[in-house]
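Below: the structure, in structure tokens.
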Amino acid sequence: MKLTWSHAVLYARDQTKMLDFYTNVLGFTITDRGPLAENAPEIVFLSNDPDEHHQLAMIQSRKDEEASNSVNHFAFRVDEFEDVASLNKKLAGIDGIRIMPLSHGNTLSIYFNDPEANGLEVFWDTPWHVAQPQGKPWDPTLGKQAALDWVEANFSAETGFVPRDKFYRNRQL
Ligand SMILES: [Fe+2]
């Protein structure tokens, strides 16, 4: 059996605010919506992948005031380094969003929160694998080559630092 990750479903307090963030800031499209049953809350489906009906869904039924505490974060991969840098810039201008740029050596990531304090990560794969866990703060205003040079300088001495292809080619799960 091979389990391929598909989606996560969140409880939301303020669906409008959450949908505004996920569509206008992160670029998701609403792919479907409707009540879960008669007189039940609406579920809204979101995707940014043409092959996936939804990657996220939200149900407006959350009553507590606390931050989410059982899920650390959801993570999304982007294909272009520049996407991380431009999202970082976009998020920096939004009130209430805290951003933490962190590289795991195999990624250049930014961690941030959505408007209801759910944790998110958006990352770009570096060309390397390196043993995990590890992370170092990086500067997302660096250009692509400077960021790659920084990763190599900061992680190449760590255990298991190899070209990404070499690690995944031999991997058996
Ligand atoms: Fe992560």
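Just add 5 to the spot in the sequence shown (first one is 1) and you have the numbering used here. By construction, the Cβ of each residue, glycine as well, lies at the ideal position given by its N, Cα and C atoms. The structure presented is a predicted model; accordingly, all values stated were derived computationally and were not measured.
| Query | Result |
| --- | --- |
| So which residues put a beta carbon under 5 Å from any heavy atom of ligand 1, going in chain order? | 80, 126 |
| On the CB-based measure, 16 or more other CB atoms within 10 Å of its CB, does residue 106 come out buried or exposed? | buried |
| Between the segment 137-149 and the segment 75-84, do at least 3 Cβ pairs fall closer than 8 Å? | no |
| Out of curiosity, what's the CA-to-CA distance linking residue 151 and residue 48? | 43 Å |
| Below 8 Å on the Cβ atoms is my guess for residue 34 versus residue 11; work out the distance and round it to an integer in Å. | Actually they are not in contact, since the Cβ atoms of residue 34 and residue 11 sit about 16 Å apart, beyond 8 Å. |
| Count Cβ pairs between the segment 11-23 and the segment 62-69 that sit closer than 8 Å; are there 3 or more? | yes |
| Does residue 61 pass the burial test, meaning 16 or more other C-beta atoms within 10 Å, or should it be called exposed? | buried |
| Give me the Cα-Cα distance between residue 104 and residue 128, rounded to the nearest whole angstrom. | 13 Å |
| Going by DSSP, what residue range makes up the alpha helix (DSSP H) through residue 169? | 169-174 |
| Would you kindly work out how many angstroms separate the C-alpha atoms of residue 132 and residue 45, rounded to a whole number? | 47 Å |
| Within the same chain, show all residues whose beta-carbon is closer than 7 Å to that of residue 72, passing over the 5 residues directly before and after it, in chain order. | 122 |
| What do you get for residue 9, buried or exposed, if any count of 16 or more other CB atoms within 10 angstroms of its CB means buried? | exposed |
| Could you give the first and the last residue of the continuous alpha helix (DSSP H) run that contains residue 21? | 20-25 |
| Closest Cβ-Cβ distance between residue 8 and chain C: below 8 Å? | Included in the structure is just one protein chain, with no chain C present. |
| Identify which residue in 41, 83, 111 has its Cα closest to the Cα of residue 170. | 111 |
| How is the alpha helix (DSSP H) around residue 160 delimited, first residue to last? | 149-160 |
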